[in-house]
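Structure, as structure tokens:
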Amino acid sequence: MESLIKAAAKIIKNILYINIATITPDGKPWNSPVYCAYDKNLNYYWLSWKLNQHSKNVRNNPSAFVTIYDSTVPAGTGFGVYFEGKAYELKNIKDILIGIKQFIPERKENQEMLFNS
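Residue numbering for the sequence shown follows the working numbering, beginning at 490 and increasing consecutively.
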């Protein structure tokens with residue numbers, strides 16, 4: 490089990506683009522790659538235009554499914570992280586600033602502490 494945790498941590502730490510699957514208002518699945526950052530509690534943040542389909546979907550239905558994987562590895566050697574969660578548009582300035590802060594380069598030091606503890 491520990492090797493799986495280490496493999497998942499490596500993927501999370503090194504992959505900057507994640508795929509977020511959301512649901513359109515008429516119930517169709519919608520998958521989008523987004524550039525992301527995360528905090529010490531592994532809350533994910535991404536920046537998107539408000540009129541992108543996935544942004545509209547999140548406002549309508551917060552259900553989301555995320556996949557994270559390295560698409561550059563040879564066939565048969567891949568490893569991925571998959572999880573289900575809720576996605577929300579940040580609306581108040583305090584939450585927006587917390588989200589933006591996750592994209593600042595110094596976050597790498599925080600990530601090192603997260604994955605090396």
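Think of the CB as a built atom: it goes at the ideal place given N, C-alpha and C, for glycine as much as any other residue. Bear in mind that the values here come from a model prediction, so they are computed numbers and not experimental data.
Does DSSP put residue i in a helix, in a strand, or in coil?
i: I582; result: helix
i: V547; result: helix
i: I593; result: coil
So who's on the other strand from residue i, going by DSSP bridges?
i: E573; result: F554
i: P522; result: N508
So residue i is in the alpha helix (DSSP H); what residue range does that whole segment cover?
i: N503; result: 491–503
For residue i and residue j, I'd like the C-alpha separation in whole angstroms.
i: N581; j: D528; result: 18 Å
i: I507; j: A497; result: 13 Å
i: L536; j: L579; result: 10 Å
i: S544; j: Y533; result: 14 Å
i: T513; j: K495; result: 34 Å
i: I504; j: T511; result: 20 Å
i: T556; j: L540; result: 22 Å
i: D559; j: R548; result: 29 Å
Kindly indicate the opening and closing residues of the beta strand (DSSP E) around residue i.
i: W535; result: 533–535
**Prompt:** When the Cβ atoms of the segment 491–502 are set against those of the segment 514–523, are three or more pairs found closer than 8 Å?
**Reply:** no
**Given 8 Å, three or more beta-carbon pairs between the segment 581–591 and the segment 560–569** = no
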